[in-house]
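Engineer:
What follows is the structure, given as structure tokens:
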């Protein structure tokens, strides 16, 4: 793991060096976003999260890990080049690769109207995870008054999932048709067997979601962000699932940056923040980011609850840093206490030199 001793950086871009054993040096371009959450931890489940994470893991187990691996996933032992790796031993690393780098990539993100508790929507989320596609998610939970009416206006009926592809002008219902379209347009043309088992696919998806009955199904009052949020994750991660449930209930739009195993975006996230773990939430409205599912959920409930008085943009440093709500605000649903947010300086650091290990593995509210 990264050492926690750093040399302070100024807004002029002084180098910051974090020492780690058995690693190679990489140069990381650090954005102006502030880390407002706790440091990510590996291979632990946060206090009070055990039951919710265990329940959120069941859908992936029943679906035999569908959405965990990119198409053509493979791993090999290579010489350590300092880039992302699932694990490192001495000067060697276990590298993960896939075929998605050779597939056509959409110039603009796809748009998907869906909700978390729908088994047919889950099938499509598995597909976009396997294909490593970035998708703008527009949640349509029951009683939703934000994106559900828009979807009905576009397509003519309240049926989900509903896909909009701004690159081709294609708009369509029916999960099987959507999946076939995605693999034909942005894949190798062959739908994986796990996604074409007919009724068995929908039944296994539905049984897994039943354990989390009610989560991500019904809208709750919220405020809409001026810009969509950004969520890094992938379908099979239980830590990512519990965050998606809250995003769906609050009808918060977000760009879903899928990063299943074998995704080249794992290296992108590592280079961006010097660490890879998911979920990772970025909020362009407050110019902040954070790891850890429990902390992310608390941030969303504080920042975007209907009765929140937090500024919707980064005009207030305390709001951008996720300052805990006052006693009059609604208590967060997550049972574990939140780690103290990091009130980061607004000064942008332009370059960081970091000795990094390709972080991978579950954490206190995060997963690989």
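Numbering (the working numbering), first residue to last: 710 to 1077. All C-beta atoms, glycine included, are put in the ideal place defined by N, C-alpha and C.
(1) Helix or strand or just coil, what does DSSP make of residue 1087?
(2) For residue 795, which three-state DSSP category applies?
(3) Exposed or buried, which one is residue 1068 when buried takes at least 16 other CB atoms within 10 Å?
(4) How many angstroms separate the CA atom of residue 1001 from the CA atom of residue 749?
(5) Going by beta-carbon coordinates alone, are residue 977 and residue 743 separated by less than 8 Å?
(6) Answer yes or no: the CB of residue 971 versus the heavy atoms of the ligand NAD, is any distance below 7 Å?
(7) Going by DSSP in three states, residue 753 sits in which element: helix, strand or coil?
(8) Judging by CA-CA distance, which residue of 845, 832, 953, 956 is the nearest neighbour of residue 773?
(9) Could you tell me which residues DSSP puts in a beta bridge with residue 782?
(10) May I have the straight-line CA-CA distance separating residue 860 from residue 866, to the nearest angstrom?
(11) Reducing DSSP to helix, strand and coil, say where residue 915 ends up.
(12) Where do the N-terminal and C-terminal ends of the beta strand (DSSP E) with residue 864 fall, by residue?
(13) Per DSSP, what are the beta-bridge partners of residue 966 in this structure?
(14) Which residue from 970, 928, 952, 899 puts its Cα closest to that of residue 1015?
(15) On the criterion of 16 or more Cβ atoms from any shown chain inside 10 Å, does residue 1079 qualify as buried, or is it exposed?
(16) Considering only residues of the stretch 877 to 906, which uninterrupted beta strand (DSSP E) runs meet the minimum length of 3 residues and lie entirely inside it, listed in chain order?
(17) In three-state terms, what does DSSP make of residue 1031?
(18) Nearest to residue 972 by alpha carbon, out of 953, 840, 785?
(19) Given residue 851, which residues of its chain have a CB within under 8 Å of its CB, disregarding the five upstream and five downstream residues?
(20) Would residue 811 be called buried (16 or more neighbouring beta carbons within 10 Å of its own) or exposed?
(21) Which same chain residues end up closer than 8 Å to residue 1025 when comparing Cβ atoms and leaving out the 5 residues on each side of it in sequence?
(22) Assuming the contact rule is C-beta atoms closer than 8 Å, residue 955 and residue 1009 should be a hit. Round their C-beta distance to whole Å, please.
(23) Cα separation between residue 945 and residue 901?
(24) Can you pull the DSSP bridge partners for residue 1014?
(25) Between residue 871 and residue 815, what straight-line distance do the alpha-carbon atoms span, to the nearest angstrom?
(26) Using the C-alpha atoms, what's the distance from residue 936 back to residue 1021?
(27) Is the distance from the Cβ of residue 843 to the Cβ of residue 953 below 8 Å?
Structural biologist: Taking the coordinates as given:
(1) Outside the displayed range of the chain (710 to 1077) lies residue 1087, so it cannot be described from this structure.
(2) coil
(3) Note that residue 1068 scores a pLDDT of 33, beneath 50, so its modelled location is shaky; the value from the coordinates is reported in the next line. The residue in question, residue 1068, is buried, as its Cβ has 16 or more Cβ neighbours within 10 Å.
(4) 6 Å
(5) no
(6) What this structure holds is no ligand at all, so the ligand NAD is not there to describe.
(7) coil
(8) 832
(9) In DSSP, residue 782 forms no bridge with anything.
(10) 8 Å
(11) helix
(12) Residue 864 -> not in any beta strand (DSSP E); alpha helix (DSSP H) instead, spanning 857 to 864.
(13) 843, 941
(14) 928
(15) Residue coverage of the chain in this structure runs from 710 to 1077, which leaves residue 1079 outside it and unanswerable.
(16) 879 to 881
(17) Reliability fails at residue 1031, whose pLDDT of 44 lies under 50, so the model's placement of it is uncertain and no value is given.
(18) 840
(19) 824, 926, 927, 928
(20) exposed
(21) Only weak support is given to the placement of residue 1025: the predicted model assigns it a pLDDT of 44, under 50, and the question is left unresolved by the model.
(22) 6 Å
(23) 16 Å
(24) 931
(25) 18 Å
(26) 10 Å
(27) no
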